[in-house]
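Number of protein chains: 2
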Amino acid sequence: MHIQMTAGHLRAALSSFGRIVERRCTVPILTGVKFSGNRLVGTNIDIEASCTIPTIGQPKGEAVVDYFALSSLAAHIDGAEEVTLSEEKGLATFTFNGSEYRMPSFPANDFPDFGTVKGVRAETGNLGFVAAMRRIRFAISTEEIRYYLNGAAIVNGRDGRPMLVATDGHRLAMMPIDGVPADWFGAIIPIGAVNHLVMRGHEPISIAIDLEQRRARFYLPGHQMSAKLIDGAYPEVNRVIPVDARPVFAVDRAGLLRVLRRLRSFSEGWREGVKLIGTSEGLRLEIAQSERSAVEHISWGGACFCRAVRGRIQCPLSDLSSISPDRRNGYIRDRAPRSLQRLAYRHHVGKRPSSHRPDADARVRRS
Amino acid sequence: MHIQMTAGHLRAALSSFGRIVERRCTVPILTGVKFSGNRLVGTNIDIEASCTIPTIGQPKGEAVVDYFALSSLAAHIDGAEEVTLSEEKGLATFTFNGSEYRMPSFPANDFPDFGTVKGVRAETGNLGFVAAMRRIRFAISTEEIRYYLNGAAIVNGRDGRPMLVATDGHRLAMMPIDGVPADWFGAIIPIGAVNHLVMRGHEPISIAIDLEQRRARFYLPGHQMSAKLIDGAYPEVNRVIPVDARPVFAVDRAGLLRVLRRLRSFSEGWREGVKLIGTSEGLRLEIAQSERSAVEHISWGGACFCRAVRGRIQCPLSDLSSISPDRRNGYIRDRAPRSLQRLAYRHHVGKRPSSHRPDADARVRRS
């Protein structure tokens, strides 16, 4: 195998595999990337990414070379420097400007092949698919027991509109996404693929979902990602989403975050509780610990249904932080009362909507 | 006690005590700062810092309030906000803009008093005292056994010029500082005080050193720091500094750092060794590990005395990084062959200069 390119191009190509190629792995070949012509492929069996690399001259042959060794080398070489990677008899040699690095390589034939993805391939460039993933991924479960919650699901909403949904059994986040083909319903995209897409930040040009083979492929500019979909049935989320729920309270998200951060910094431990009390002037936040106590006020304009909600400071803080307004597309207003409805929603996942009493005293629970 | 000020002024004043007030401490009152009029004092017994704070109106009384609680609150409040701190019967109340925080306080009478510092007080504004500390502090020992090495010492150089020196028994760093009063010789400034001065970054306007009481006081703009000097005899460093030592090699510091970082990133472990070999063209760096190997070249212009030096990659890397050119004053050239002499020096601390053979094969040791 022989390939020549600039260190900058190599660095850019290798960045496509972040969070896919794993450093600690029982199968050593999976710590490498396959060079095949001007194409690079990396996989962790469940997810596969590939991209093309601009080369100098014609590349020859194929081989699998350690991803992390190449990445760290490329990070420490001037981007314009020309580098050469060659492989012979299980030894890869990386040379540039008189320097020479040698490392073991793996035979290209042993590299796992992900296979093809059939199914409808839909243009999704302006769908806001990745933007929706970015908003809801905080609610994806990471528990292995309910493995079917370890991803974002495309489900049919109560009104028949498709939506992207994530839940960990305690909280639920959803975003409607119009224009999804009907045969995508039921697909559960695993958290690894969601994180990879969100990290790359680009909307896919097109997506193919093959529900029969349980596979999806995302076509991004200069980059492809394929993932095995989670093989399971997503719970019927419409049962637990309240119909015409009244908001518990509506305050400025940024203001509430600032106050919660101040309370947390003052608190004696991050597991300590905060009490939220609705008054005629606004929301009152209280902490009372063994040695310290604090009272904060946030005024509001609209109606107030909140009597008292208790929870750890960390709970609303992590939720409010994760549903921060989408900076890239900016279509979510910072003053989003909907985000705070989830403080009430939280009590209802797993219960019937009829039991929805947002003004009742209740304890915020967390797994 | 009652004091009113802006959150920004409080934040700036509290920043004076970073690395002095300790979070985990067997004496709880030492986790607090004493408010006494418009003066703040913090101490860890060995080092005391104090500063004045611009107040709104006339402050009254004195009390000791938790440093970290106040710091974290001040960090989360808009700088222009007016804050009030009052204390009564062991309870401190911190209020601003309708918010109220309560925490326990300590009686001001129990706060330890550092005492006065007599001795010559010399103007040192343009002496480069802190700049010299910044250059040599990497070599200060942190071993408790040889406690007298846990600081930077003012000693008499071989030519009679005063110098600031630090050593951990394996490496030695020194900087001449002209204009030091003769009765300061023998003072060992503890590492905590050195770090505090370097972190604040300002040269002291004046310094008083009281060798009888073993105390020093540093007068900085709007800020004072007093420290107990280390009570011990500094070793006779002139014995181990080679006379007219020939440099082992001379290469560009930045270039060598870049290559060493690349080698480290490629290396299988940070404890792995690097071999430095002098050739007619330049310096050759080699690593050869169980699975990986690398060869790098750095060209030089001047004469070369280096045959082969071995050491962990981490050793020259940490040394070269810590003696980075002084960005603030910029009087150290980046191309500093002297810095690299220390690779040779290292073999000679504790030996007689007569045994100085910089071109011999030798192993770089490290505690």
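Those protein sequences? They're chains A and B, same order as listed. First residue of the first sequence: -5, per our numbering; consecutive thereafter. First residue of the second sequence: -5, per our numbering; consecutive thereafter. We treat Cβ as the ideally placed atom computed from N, Cα and C, and that holds for glycine. Everything numeric in this text was worked out from a predicted model, so none of it was measured.
Other residues of its chain near residue i: CB distance less than 7 Å, five sequence neighbours each side excluded
{"i": "A/R33", "result": "S44, T46"}
{"i": "B/M157", "result": "V149, G151, M168, M169, P170, I171"}
{"i": "A/S99", "result": "A57, V58, V59, E81, G84, L85, A86"}
{"i": "B/M(-5)", "result": "F29, K54, G55, E56, A57, S80, E81"}
{"i": "B/D177", "result": "V114, L205"}
{"i": "A/I74", "result": "Note that residue 74 of chain A is Ala in the sequence shown here, rather than Ile. Cβ neighbours of A/A74 beyond the five flanking positions: T0, G2."}
{"i": "A/E230", "result": "none"}
{"i": "A/I224", "result": "Y141, Y142, N144, G145, I182, P184"}
{"i": "A/E365", "result": "Nothing about residue 365 of chain A can be read from this structure; chain A reaches only from -5 to 361."}
{"i": "A/N91", "result": "E75"}
8 Å Cβ shell around residue i - same chain, five flanking residues per side excluded
{"i": "B/R152", "result": "N232, I235, V237"}
{"i": "B/M97", "result": "V59, D60, A63, L85, A86, F88"}
{"i": "B/P101", "result": "A57, V58, G84"}
{"i": "A/I130", "result": "A146, L158, V159, A160, A167, M168, M169"}
{"i": "B/V289", "result": "R278, L279, E280"}
Chain-order list of residues whose beta-carbon lies under 6 Å from that of residue i (same chain, five-residue window excluded)
{"i": "B/H3", "result": "I47, P48"}
{"i": "A/G173", "result": "L121"}
{"i": "B/C19", "result": "T25"}
{"i": "A/V35", "result": "K28, S44"}
{"i": "B/A7", "result": "L34, C45, I47"}
{"i": "A/G12", "result": "none"}
{"i": "B/M203", "result": "Position check: residue 203 of chain B holds Ile in this sequence, whereas Met was assumed. Cβ within range, chain order: G113, W178, A181, A210."}
{"i": "B/A217", "result": "Looking at the sequence itself, residue 217 of chain B is His, so the reference to Ala does not match. Excluding residues within five positions, the ones whose Cβ falls inside 6 Å are S10, C45."}
{"i": "B/K345", "result": "Residue confidence is low: B/K345 scores 32 on pLDDT, short of 50, so the model does not pin down where it sits. No coordinate-derived value is stated."}
{"i": "A/P175", "result": "V114, A116"}
{"i": "A/G195", "result": "none"}
{"i": "A/S66", "result": "none"}
{"i": "B/G31", "result": "P53"}
{"i": "B/D104", "result": "I23"}
{"i": "B/D40", "result": "K222"}
One or two residues paired with residue i in a DSSP bridge
{"i": "A/V27", "result": "A/V59"}
{"i": "A/G272", "result": "A/L277"}
{"i": "A/Y228", "result": "In DSSP, A/Y228 forms no bridge with anything."}
{"i": "A/L34", "result": "A/F29, A/C45"}
{"i": "B/L158", "result": "B/I148, B/M169"}
{"i": "B/I(-3)", "result": "B/L79"}
{"i": "B/E266", "result": "In DSSP, B/E266 forms no bridge with anything."}
{"i": "A/H3", "result": "Per DSSP, none; premise fails for A/H3."}
{"i": "A/V289", "result": "A/E280, B/E94"}
{"i": "A/K222", "result": "A/R209"}
Whole runs of the alpha helix (DSSP H) within the segment 115 to 143 of chain B, excluding any shorter than 4 residues: 123 to 130
Note down, one range per segment and in chain order, each beta strand (DSSP E) of at least 3 residues found wholly within the segment 44 to 100 of chain B. 56 to 60, 76 to 82, 85 to 90, 93 to 100
Okay, do the segment 104 to 120 of chain A and the segment 270 to 288 of chain B touch, 3+ Cβ pairs below 8 Å being the bar? no
Residues within the segment 90 to 101 of chain B neighbouring chain A, beta-carbon criterion of under 8 Å: G92, S93, E94, Y95, R96, M97, P98
Unbroken stretches of the alpha helix (DSSP H), 4 residues or longer, contained in the segment 165 to 220 of chain B: 185 to 194
Please name the residues in the segment 258 to 278 of chain B whose beta-carbon is closer than 8 Å to at least one beta-carbon of chain A, in chain order. S259, F260
Taking any Cβ of chain B, which residues in the segment 48 to 80 of chain A have a Cβ under 8 Å from it, in chain order? A63, S66, L67, A69, H70, I71
Using a Cβ-Cβ cut-off of less than 7 Å, give me the residues of the segment 8 to 25 of chain A that come near chain B, in sequence order. none
Name, going along the chain, the residues of the segment 137 to 165 of chain B whose beta-carbon falls closer than 8 Å to a beta-carbon of chain A. none
Could you say if the segment 176 to 188 of chain A and the segment 129 to 146 of chain A meet the contact criterion of at least three C-beta pairs nearer than 8 Å? yes
When you check each C-beta in the segment 184 to 196 of chain A against every C-beta of chain B, which residues fall closer than 7 Å? none
Under 7 Å, CB to CB, which of the residues in the segment 277 to 291 of chain A have a partner in chain B? E285, R286, S287, A288, V289, E290, H291
Against chain A: residues of the segment 214 to 246 of chain B by CB proximity under 7 Å: none
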